[in-house]
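The next block holds one structure in the form of structure tokens; read it before the comments.
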Amino acid sequence: MNRDEKRIVELQTVLEMSKLLNSSNDVSYILNSMMNTTLDFMDRADIGVIFLYDKKNDVLRLETAIGFGDLSICLKPGESITGIAFNRRKTLHLRNQNEMMEAMGTMDREKYSLLEKSINLPMETIQSSIACPLMHNDECIGVLVIDNYYGKDPLNEEDVYLIELISHHATIAIANAANYEKILENQKSLERYSLIVEEEKNKYEYSTFLHNKFTEMVLNGNSIREIVLEVSSILKKDVFVVDLLYAIPHHSTEYLTNYEQIKQSKSSFMPRLPQHQISIFYCESLAQWIYFNPIRVNREVLGWVGIVSDSSEFNELEKITIDKCSTIIALELLKNNELNSMEQSLKGDFLENLLADKSTEFMNKFAKKYNYNFNSRHQIIIMKTNYNKLEASLHSNFRYLYMEMNRLMMATFPSSITLRQRNYIITIFEHNKNINKLFLSELMKKVKESYLMILDYSKDDFDIEVAISEVADRNSNFREIHDNAMKIFNLDLKKNGRFNYYFYEDFEVKRFLLNNDPNELRIFVRKILGPLLDYKMSSRQELYSTLETYIKSGGNWTVAKDQLHVHGNTLTYRINRLKEILNLDLSDYNDRLKVQIALEIMELYPKKIN
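Under my numbering, think of the first position of the sequence shown as 47, with each following residue one higher.
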């Protein structure tokens with residue numbers, strides 16, 4: 047075959063290859079097809095590889111290799127024959143092994159070793175090589191490399207011509223395929239964007255639907271409880287609301303659990319209630335997941351919506367439902383707070399009129415609204431906090447305390463009226479034959495539990511004193527029993543911890559004493575108990591306790607002994623010692639009465655007298 051005939055065959059081969067290359071948009075298929083055809087046509091070629099340039103990482107990545115084993119390698123621009131051709135942007139024709147080894151010497155040792163293990167014959171048997179850059183719009187997008195071993199004629203200029211011709215068509219095919227891939231990627235991006243737009247549209251429509259639904263419920267006068275029931279029905283999950291005092295005022299439990307189980311699990315989820323973010327955790331006691339969403343107004347948390355689920359996964363529509371539920375409940379709580387503020391004003395006016403013993407149309411309307419019976423007997427519970435009088439109503443913990451007291455008093459006395467007044471919380475309740483000192487003492491235990499719970503929640507410190515008034519008959523002066531109860535707070539009384547309560551009936555004797563000049567009372571105490579108060583011995587305190595116990599027991603030796611937990615001889619010795627110190631006969635009625643009155647005054651003014 048002469049030169050012209052061979053050139054015709056080469057051109058026909060390139061034309062067939064061009065058709066093949068342009069028949070696909072798959073880059074891997076194009077590269078493999080091109081390399082197989084090239085090696086089949088070029089008798090002298092033994093190895094063929096194609097590297098494509100990774101612009102992002104600035105490396106040449108091996109994409110196709112014929113004559114190699116399994117190989118994955120990257121070369122830097124300027125590294126080895128491939129990298130040199132890439133940098134020079136023109137065909138590199140190495141005609142002998144010396145030129146080959148010189149160019150290969152720029153390769154990293156580790157890569158060289160990897161390459162040597164991958165070819166069929168030793169590297170030293172490669173005698174010539176052609177590296178042709180794949181140029182597109184003055185940019186090199188890769189390199190085509192052909193090598194041959196000894197035993198054949200070296201690659202010559204005709205091979206260079208053919209490789210350059212093939213590389214030109216290959217570059218066009220690769221560029222077209224790359225553009226096609228970009229088009230496909232753009233189409234996929236457009237499809238993804240369309241899906242996102244559609245999803246957002248669905249979210250918006252669903253959100254609008256929920257907003258309209260909940261707004262309609264509120265306008266129709268539906269309560270928070272009914273909103274919770276509706277949300278539970280939508281989600282097909284149990285829903286409950288936790289307030290700031292960890293009570294569960296509203297719930298709907300038809301699917302996975304019940305109210306009692308949730309209530310018993312409070313200790314496990316209380317520490318996990320979030321202040322600002324959503325939280326999801328597995329509740330061991332329920333063996334279910336709980337999703338908590340804060341009920342917020344601005345930065346203030348008013349409570350939490352809890353969702354019980356058998357899965358920790360919640361889809362977007364479920365999250366929207368929970369968020370809308372929290373928002374509408376927050377608005378309802380705000381509305382209720384506003385109504386409570388108005389109600390507080392009305393209750394305050396009612397109390398003022400009641401204290402002034404006025405009978406007006408307002409009083410009659412108010413009494414009818416709150417079931418207050420003017421003909422019944424009433425009592426007052428006055429709770430005093432040590433908050434500043436002017437700032438108490440603004441303090442969140444004081445509001446929580448009022449909410450809890452109002453709930454507790456309404457549960458105990460259904461027709462009671464509880465109101466805030468400066469740093470006081472006042473409850474007026476109807477008295478009946480079942481309400482006695484023991485009953486009210488048990489109620490105070492519940493009040494103390496609520497107070498301690500608020501302390502634990504708020505991490506705040508505030509003290510509480512409670513005064514429980516005498517019973518007001520329907521013709522009694524209401525102001526008198528109110529003022530008498532308030533006087534208790536002016537007494538310098540002994541306190542046991544941060545929560546203390548007092549019954550006015552325990553101060554009836556003291557009431558007469560309070561009408562006297564405190565200085566005269568102090569002089570009387572000093573006259574009767576002065577020798578004991580000034581007693582310098584270490585036994586003064588135990589003698590004073592003995593005197594107090596003995597007098598309060600009515601002079602009963604046995605009762606006093608048991609209460610003091612002392613031996614009979616010890617008690618007898620102390621009583622005789624007291625008689626000597628005080629120069630009084632404790633068995634004498636008049637002397638014992640003087641001591642009793644002095645002790646009552648001591649309880650009123652312990653610091654002033656001591």
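Ideal placement from N, C-alpha and C gives every residue a C-beta, glycine not left out. No experiment lies behind these values; they were computed from the predicted model shown.
Inspect the beta-carbon positions of residue i and residue j and report whether they are closer than 9 Å.
i: N523; j: D403; result: yes
i: I428; j: I514; result: yes
i: M80; j: T128; result: no
i: N511; j: F475; result: According to the sequence as given, residue 511 is Glu; it is not Asn. Taking 9 Å as the Cβ cut-off, E511 and F475 do not qualify as a contacting pair.
i: F132; j: V189; result: yes
i: G349; j: D289; result: yes
i: I165; j: G197; result: no
i: A177; j: T137; result: yes
i: I574; j: L537; result: no
i: L291; j: S496; result: yes
i: I500; j: I472; result: no
May I ask you to report which of helix, strand or coil DSSP gives residue i?
i: P168; result: coil
i: K381; result: helix
i: F459; result: coil
i: K198; result: strand
i: K430; result: strand
i: E551; result: helix
i: P674; result: Because the chain is modelled from 47 through 656, residue 674 falls outside the range shown and cannot be assessed.
i: L181; result: Note on residue identity: the sequence assigns Met, not Leu, to residue 181. Strand, per DSSP.
i: E330; result: coil
i: G352; result: strand
i: L436; result: Note that L436 scores 49 on pLDDT, short of 50, meaning its location in the model is unreliable; the coordinates nonetheless yield the value given after this. Here L436 sits in coil by DSSP.
i: F485; result: helix
i: I218; result: helix
i: F360; result: coil
i: R466; result: strand
i: I368; result: helix
i: N375; result: At residue 375 the sequence reads Ile, which differs from the Asn that was named. Looking at I375 - three-state DSSP - the assignment turns out to be helix.
i: G394; result: helix
i: S515; result: coil
i: Y587; result: It should be noted that the sequence gives Gln, not Tyr, for residue 587. Note: Q587 maps to helix in three-state DSSP.
i: V274; result: helix
Between residue i and residue j, what straight-line distance do the alpha-carbon atoms span, to the nearest angstrom?
i: V191; j: S159; result: 19 Å
i: M409; j: I280; result: 46 Å
i: F485; j: Y581; result: 42 Å
i: A333; j: Q467; result: 46 Å
i: T83; j: R134; result: 27 Å
i: K168; j: E162; result: Residue identity check: residue 168 is Pro in the sequence provided, not Lys. About 7 Å.
i: T367; j: P340; result: 14 Å
i: E554; j: N443; result: 34 Å
i: A457; j: D395; result: 24 Å
i: F558; j: E649; result: 14 Å
i: K414; j: L567; result: 47 Å
i: H322; j: S331; result: 25 Å
i: L77; j: D86; result: 14 Å
i: K607; j: L392; result: 55 Å
i: S355; j: C329; result: 10 Å
i: F97; j: E245; result: 42 Å
i: R544; j: T431; result: 10 Å
i: D193; j: E359; result: 58 Å
i: S314; j: S357; result: 18 Å
i: E35; j: G267; result: Residue 35 lies beyond the residue range present for the chain, which begins at 47 and ends at 656; the question has no answer from this structure.
i: Y301; j: V285; result: 10 Å
i: L454; j: L465; result: 13 Å
i: S126; j: Y99; result: 15 Å
i: D529; j: S585; result: 40 Å
i: Q609; j: L578; result: 21 Å
Return no unless some Cβ of chain D is closer than 9 Å to the Cβ of residue i.
i: K411; result: Going by chain labels, chain D is absent from the structure shown, which holds only one protein chain.
Quick one: what's residue i bridged to in DSSP?
i: V73; result: V73 pairs with nothing; no bridge assigned.
i: P340; result: W350
i: G545; result: According to the sequence shown, residue 545 is Phe rather than Gly. According to DSSP, which records beta bridges pairwise, F545 is partnered with I510.
i: D100; result: V105
i: H297; result: F286
i: G129; result: For G129, which the question treats as bridged, DSSP gives no partner whatsoever.
i: Y581; result: According to DSSP, which records beta bridges pairwise, Y581 is partnered with nothing at all.
i: S279; result: Beta-bridge pairing links S279 to no other residue.
i: E476; result: H424
i: W603; result: Answer by DSSP bridge pairing: none, since W603 is not bridged.
i: F114; result: I165
Assess contact between the region 263 to 280 and the region 383 to 403, defined as three or more Cβ pairs (one per stretch) separated by less than 8 Å. Is contact present?
no
I want to know whether the region 245 to 257 touches the region 215 to 222 - three or more CB-CB distances under 8 Å.
no
Quick check: the region 590 to 602 against the region 619 to 630, are there 3 or more CB pairs under 8 Å?
yes
Three or more C-beta pairs under 8 Å: does that hold for the region 116 to 124 against the region 154 to 172?
yes
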